[in-house]
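To start, the structure under review is shown below, and the notes come after it.
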Amino acid sequence: MDAIISQYIDAYYFRILILIGINIILALGLNLTTGVTGQLSMGHAGFMSLGAYTSAILTVHFAVPFFAALLAGALVAALFGFLLGLPTLRLEGDYLAMVTIGFAEIVRVFFLNFEPGGKAVGFSGIPQVTTFTLVWILVIIVIYLNYKLLNSRTGRAMYAIRENEIAAEASGVNTTQLKVLAFTLGAFLGGLGGGLFAHYMFFIEPGNFGFMKSIELLNMVVLGGMGSIPGTILGSIILTIAPEMLRIVQDYRLLFYGALLVILMIFRPNGLLGDVRFYDIKKRFSRKEVKSCQS
Amino acid sequence: MSVLTLECISQEFGGLRALDSVYLSIEEKEIFGIIGPNGAGKTTLFNIITGIYVPTEGSLIFNGQRLNNVPAYEIAQMGIARTFQNIRLFNKLSVLDNVRTGSYGVSHSGFMAGMLGLPSSRREEKKILSNALQLLELVDLADKRYEYADNLSYGEQRRLEIARALALEPKLLLLDEPAAGMNSTEKEELMRLIRIIREQRQLSIILVEHDMNVVMNICERIAVLDYGRKIAQGTPEEIKNDDAVIQSYLGAGA
Ligand SMILES: Nc1ncnc2c1ncn2[C@@H]1O[C@H](COP(=O)(O)OP(=O)(O)OP(=O)(O)O)[C@@H](O)[C@H]1O
Ligand SMILES: [Mg+2]
Numbered sequence: 139m140d141a142i143i144s145q146y147i148d149a150y151y152f153r154i155l156i157l158i159g160i161n162i163i164l165a166l167g168l169n170l171t172t173g174v175t176g177q178l179s180m181g182h183a184g185f186m187s188l189g190a191y192t193s194a195i196l197t198v199h200f201a202v203p204f205f206a207a208l209l210a211g212a213l214v215a216a217l218f219g220f221l222l223g224l225p226t227l228r229l230e231g232d233y234l235a236m237v238t239i240g241f242a243e244i245v246r247v248f249f250l251n252f253e254p255g256g257k258a259v260g261f262s263g264i265p266q267v268t269t270f271t272l273v274w275i276l277v278i279i280v281i282y283l284n285y286k287l288l289n290s291r292t293g294r295a296m297y298a299i300r301e302n303e304i305a306a307e308a309s310g311v312n313t314t315q316l317k318v319l320a321f322t323l324g325a326f327l328g329g330l331g332g333g334l335f336a337h338y339m340f341f342i343e344p345g346n347f348g349f350m351k352s353i354e355l356l357n358m359v360v361l362g363g364m365g366s367i368p369g370t371i372l373g374s375i376i377l378t379i380a381p382e383m384l385r386i387v388q389d390y391r392l393l394f395y396g397a398l399l400v401i402l403m404i405f406r407p408n409g410l411l412g413d414v415r416f417y418d419i420k421k422r423f424s425r426k427e428v429k430s431c432q433s
Numbered sequence: 106m107s108v109l110t111l112e113c114i115s116q117e118f119g120g121l122r123a124l125d126s127v128y129l130s131i132e133e134k135e136i137f138g139i140i141g142p143n144g145a146g147k148t149t150l151f152n153i154i155t156g157i158y159v160p161t162e163g164s165l166i167f168n169g170q171r172l173n174n175v176p177a178y179e180i181a182q183m184g185i186a187r188t189f190q191n192i193r194l195f196n197k198l199s200v201l202d203n204v205r206t207g208s209y210g211v212s213h214s215g216f217m218a219g220m221l222g223l224p225s226s227r228r229e230e231k232k233i234l235s236n237a238l239q240l241l242e243l244v245d246l247a248d249k250r251y252e253y254a255d256n257l258s259y260g261e262q263r264r265l266e267i268a269r270a271l272a273l274e275p276k277l278l279l280l281d282e283p284a285a286g287m288n289s290t291e292k293e294e295l296m297r298l299i300r301i302i303r304e305q306r307q308l309s310i311i312l313v314e315h316d317m318n319v320v321m322n323i324c325e326r327i328a329v330l331d332y333g334r335k336i337a338q339g340t341p342e343e344i345k346n347d348d349a350v351i352q353s354y355l356g357a358g359a
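Heads up: the sequence lines are chains D and W, in that order.
Each residue of the first sequence is one higher than the last, beginning at 139 in this note's numbering.
Each residue of the second sequence is one higher than the last, beginning at 106 in this note's numbering.
Pasting the structure below:
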């Protein structure tokens, strides 16, 4: 399949398309935690790292089949999301942000010293088995499941937690439970994206999953519009392409992200598509009753 | 039979005694009014009943079950719904989704069922949607269902809060100053709505309200709070003629 597609697309764009797909999966995970449920996570790259290393170690050292390794990586990340979520989700705003930053840092330092992962030198020789086709099939599945989730009672309750926690509780929502769920699902997708990344890059090092990566992912969610699936997809596309295409953006990443956020806050505080929902688009095409939420 | 019983409820905030040994008993299907000057403890009482605060003293019994130390979301699931004096809507959700979220406590599909679109979840979602649309008809917001909640006018927001609370299919509904900020036509509509709700849904209502016209018109019984104490209780007629109440709250002209 990939061979056919790559006949028509330049290798350079092919690579960018794969990275866009991986970033969409990663960002949709973070969108669940931060965009939808409103729990500010600034350590999403930590989950990505866990997924990347877990799956790579399994395929390289234990000859585990790729799919099983990918799933295992996502599950390990989800487990850490769950464990991190339990005690910390009683914290709010800034405190939660600090704990998540700390978590990702601990993960990074752990892999800097982890023998089977190649320590600081990095981990090479990972089979390059992530294909364009696989990534985009997974992207479609992830978008679909996200969409279904956000249009179910659980998804609506997650938005409700972001909007007004007291009112959510008064509607019967166990907010702690759903926050942990949002964290766990977000981490799962973080781990999945990490596994795909590792098996595409074939070489990974702890530096791939540092604070900058977490901020980059957060920016994708914020740029597109917190809690919006189309918004997160758009944010992922823009922020994958920009540094690839514009050398200057690559060199001044921090500056670029900062400026972007400031401009956004002034002109579109809800993000590019923050107030565009799927059903707004759907409504244009049909007069029929459509299921709705903010996705 | 009484739906809700408060026995000797007290609530302290630091040194302040916001509620002082309050006894209350709410009967089935009655509309019970609570009045009193600002800071009397009316909202605090609602916060205790809905589990936001755990009372310093006393016990709460709802349908034979103790509510002390039951978390807020479980109290909601047991059938106590409320509105808020300072409106608390899900602002960036549609009007429809506000009401649909209100039914969270009485629906059951897990996240997996929702995500995979299992038949059980689809059936439940259909029911949630049709209930929500019905409630929006009831509060006259059906044609605004795709608006964001924070685009509604003040009066509309208050009605939306009522619809959201009703989505929980409560046995007891707490309304905290629902007429605040409404003009006189809206108030008339509100009174009609509250009566219809009680008839249709067969529930008990506790109404906190400063507008005496509203309170005296629709409540069967009224309790008066002053500095956290219940200083009187009775029918609207009795309350209007109660010396202590006239002195502390209604004033000589009432
Ligand atoms: N969380 C809190 N911490 C400290 N004091 C509080 C708290 N909540 C309420 N109070 C105090 O308790 C008293 C009762 O407040 P409450 O809000 O119950 O009054 P109210 O009867 O609802 O008044 P209003 O008619 O103005 O709404 C007030 O003096 C208030 O300042
Ligand atoms: Mg009050």
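Ideal Cβ positions, reconstructed from N, Cα and C, are used throughout, including at glycine.
Asked	Found
Under 8 Å between C-beta atoms of residue 374/D and residue 162/D	yes
Where residue 348/W falls: helix, strand or coil (DSSP)	helix
Spatial distance of residue 424/D from residue 206/W (CA atoms)	Residue placement at residue 424/D is flagged as unreliable, the pLDDT there being 46, under the threshold of 50; the coordinate-derived value follows with that caveat. Straight-line Cα distance between these residues: approximately 24 Å.
Where residue 113/W falls, given that 16 or more other Cβ within 10 Å makes a residue buried	exposed
Bridge-paired residues (DSSP) for residue 331/W	334/W
Within 8 Å, strictly: CB atoms of residue 203/W and residue 254/W	yes
Contact with chain D by residue 163/W, beta-carbon distance below 8 Å	no
Min CB distance residue 172/D to chain W below 8 Å	no
Unbroken alpha helix (DSSP H) run spanning residue 201/W, endpoints	200–207
Interface partners of residue 211/W on chain D, CB under 8 Å	310
Beta-carbon proximity check, residue 313/W vs residue 348/W, cutoff 8 Å	no
Within chain D, the residues that residue 206/W reaches when beta carbons sit closer than 7 Å	294, 295, 298 and 309
Nearest to residue 213/W (by Cα), restricted to the options 222/W, 221/W and 226/W	226/W
Member of 190/D, 237/D and 392/D whose CA lies at the smallest distance from the CA of residue 222/D	237/D
Host beta strand (DSSP E) of residue 201/D (start-end)	Premise fails: residue 201/D is in no beta strand (DSSP E) and is neither H nor E.
Enclosing beta strand (DSSP E) for residue 133/W [first to last residue]	Unbroken run through residue 133/W: none, as it is neither H nor E.
Below-8 Å beta-carbon distance, residue 337/W vs any chain D residue	no
Buried or exposed (CB count within 10 angstroms, at least 16 for buried), residue 433/D	Unreliable placement is indicated for residue 433/D, whose pLDDT of 45 sits below 50; the coordinate value is still reported in the next sentence. Buried, because 16 or more other Cβ atoms sit within 10 Å of the Cβ of residue 433/D.
Cβ-heavy atom distance, residue 335/W to ligand 1, below 7 Å	no
Bounding residues of the beta strand (DSSP E) (the contiguous stretch that carries residue 141/D)	It is not in any beta strand (DSSP E) - residue 141/D instead sits in the alpha helix (DSSP H) that spans 140–146.
Where residue 428/D sits in the DSSP three-state scheme	Residue placement at residue 428/D is poorly supported in this model, since its pLDDT is 39, which falls under 50; the coordinates are not used for a value here.
Helix, strand or coil at residue 338/D [DSSP, three-state]	helix
Any non-hydrogen atom of ligand 1 within 7 Å of residue 120/W CB	no
Test: residue 287/D CB closer than 8 Å to a CB of chain W	yes
Own chain partners of residue 320/W with C-beta closer than 8 Å, once the 5 adjacent residues on each side are dropped	138, 140, 312, 314, 327 and 341
Minimum C-alpha distance to residue 359/D - residue among 334/D, 335/D, 389/D and 395/D	395/D
Rounded C-alpha distance that separates residue 320/D from residue 350/W	51 Å
Buried versus exposed call for residue 393/D [16 or more other C-beta atoms within 10 Å across all chains shown]	exposed
Length of the line joining the Cα atoms of residue 352/W and residue 337/W	12 Å
Beta carbon proximity, residue 282/W to chain D, threshold 8 Å	no
For residue 165/D and residue 403/D, the rounded distance between their alpha carbons	20 Å
Inter-residue spacing [alpha-carbon to alpha-carbon] between residue 262/W and residue 245/W	11 Å
Status (buried if at least 16 other CB within 10 Å, exposed otherwise) for residue 273/D	buried
Classification of residue 197/D by the beta-carbon crowding that lies within 10 angstroms, buried from 16 upward	buried
Identity of the residue in 276/W, 271/W, 283/W and 277/W nearest residue 260/W by Cα	283/W
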